[in-house]
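S.K.: Below is the structure I would like to discuss, written out as structure tokens.
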Amino acid sequence: MKQTEKVGIIYDDYFLEHKPFYSHPENPNRLIAIVETLKKYGLWDKLKKIDIDDIEYAEVEELLHKVHSEDHIKMVESLKGHYGNIDADTYYSPETSSVAFRAAQASVKAVEEVMKGKIERVFVLARPPGHHATFSEAMGFCFFNNAAVSAEKAKSMGAERVLIVDFDVHHGNGTQEIFWKRDDVLYFSSHRYPFYPGTGRFDEIGEGKGKGYTINLPLPRGLSDGEYAKLYEEVLVPVIEKFSPDIVIVSAGFDAHYNDPLADMKLTEDGFAYLSHLIMTSAQKSKGFVFLLEGGYNLEGTAESVKEVILTMMEAKTPIRSDTLINIDSILYEAKKHFKIWME
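In the working numbering, the protein residues as written are 76 to 419.
Okay, here's the thing in structure tokens:
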């Protein structure tokens, strides 16, 4: 398999139709900047474009019902044709419900391509993001949980173990809630804490069958590439080795970037690339990887970071592993205490 045949991309101009009616960081310019950057560096034409229209409406609706309540789905559908706000953070416009459905459809198609062995790695450039959407609530710019829908699609195609890795700077409370009591989907999140949405402590590890299958790394502000690298090497890598996922879904949020306006982390483009490299090299036995765009609100920082991740997915560039600048021993101590079954 040629390098570029390993990597596909899903994008649709319709994802731009979810539009704020006031100044808002989650806006169509995010996708426009990413696509323009990929074209500028000659990467766009090297990626396999994956069409999503053969994924039937009924299938997406069925999968949505596995991760969201009937009332929630009806609420999102009721937004069609209107402007307004779900909460202080989450706006909707006349096309929002259809765009959110289309984003879920794109996520489903990406998983289908990987599970069928047609491609190894797919980046889904869709919006609105999804990881804050809970079973019954839209929040944090999110309406449908694309990562959760993706995991259910993988399960329906025979995956026994699905790993979701979330490196968005905000904790994916929705994804955590949906899989809280399950051991077939492992949710791993690194995020700033305390921070929006207020969840994601070390001791949030799931319950029942799912106890131990939620792994949270709550991080202080100001961490950079080296600290993230060490944490992923010492916590996530052993988790991957023991869990042995059939497919890996990455909630790829880029708001831990040093220029992002919504957080105070110090990751660089190389840092995101290294984390992606580590995930992919550690889970080589899996069928493949689906990256789903979540947050990231500095246009240049997000676009450049996506570009570096895609170069890494293409194996066109080996990312740099930075040195640790801040002592993170206390974080590792807590991780080893709470995630002992994975890290021994």
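All C-beta atoms in this analysis are idealised placements derived from N, C-alpha and C, irrespective of residue type, glycine included.
The model shown is predicted, which means the values in this text are computed figures rather than measured ones.
Run through DSSP, which three-state label would residue 294 get?
M.R.: Reduced to three states, the DSSP call for residue 294 is strand.
S.K.: Across which residues does DSSP place residue 262 in a beta bridge pair?
M.R.: Answer by DSSP bridge pairing, in chain order: 239 and 289.
S.K.: Use the C-beta contact count for residue 296: other C-beta atoms within 10 angstroms, 16 or more gives buried, fewer gives exposed.
M.R.: Residue 296 is exposed by the Cβ-count criterion.
S.K.: Per DSSP, what kind of secondary structure is residue 244 in: helix, strand or coil?
M.R.: Coil.
S.K.: Out of 112, 165 and 111, which has the shortest C-alpha to C-alpha gap to residue 96?
M.R.: Ranking the options by Cα distance to residue 96, first place goes to 165.
S.K.: Alpha carbon to alpha carbon, what distance is there between residue 185 and residue 358?
M.R.: For residue 358 and residue 185, the distance between alpha carbons rounds to 18 Å.
S.K.: According to the Cβ coordinates, are residue 352 and residue 289 closer than 9 Å?
M.R.: It is not a contact, given that the beta carbons lie outside the stated cut-off.
S.K.: According to DSSP, simplified to helix, strand and coil, what is residue 334?
M.R.: Of the three classes helix, strand and coil, the one that applies to residue 334 here is coil, per DSSP.
S.K.: For the region 142–219, which segments carrying the beta strand (DSSP E) assignment without a break, of at least 3 residues, lie completely within its bounds, in sequence order?
M.R.: Runs found: 196–200.
S.K.: What does DSSP give as the partner residues of residue 82 in its beta bridges?
M.R.: 196, per the DSSP bridge assignment.
S.K.: Using 10 angstroms around the beta-carbon of residue 131, count the other beta-carbons present and answer buried if the total reaches 16, otherwise exposed.
M.R.: Looking at its Cβ environment, which holds fewer than 16 other Cβ atoms inside 10 Å, residue 131 is exposed.
S.K.: Which of helix, strand or coil does DSSP assign to residue 42?
M.R.: Only positions 76 to 419 of the chain appear in the structure, and residue 42 is not among them; the question remains open.
S.K.: My guess is that residue 333 and residue 294 are in contact by the Cβ rule of under 8 Å, so how many angstroms apart are they, rounded?
M.R.: Incorrect: roughly 14 Å between the Cβ atoms, too far for contact.
S.K.: How is the beta strand (DSSP E) around residue 367 delimited, first residue to last?
M.R.: From DSSP, the beta strand (DSSP E) with residue 367 extends over 364–368.
S.K.: For residue 228 and chain C, any beta-carbon pair shorter than 9 Å?
M.R.: Looking at the structure shown, chain C is missing, and only one protein chain is on hand.
S.K.: State yes or no: is the C-beta of residue 222 within less than 9 Å of the C-beta of residue 367?
M.R.: Yes; because the gap between Cβ atoms is below 9 Å, this pair is in contact.
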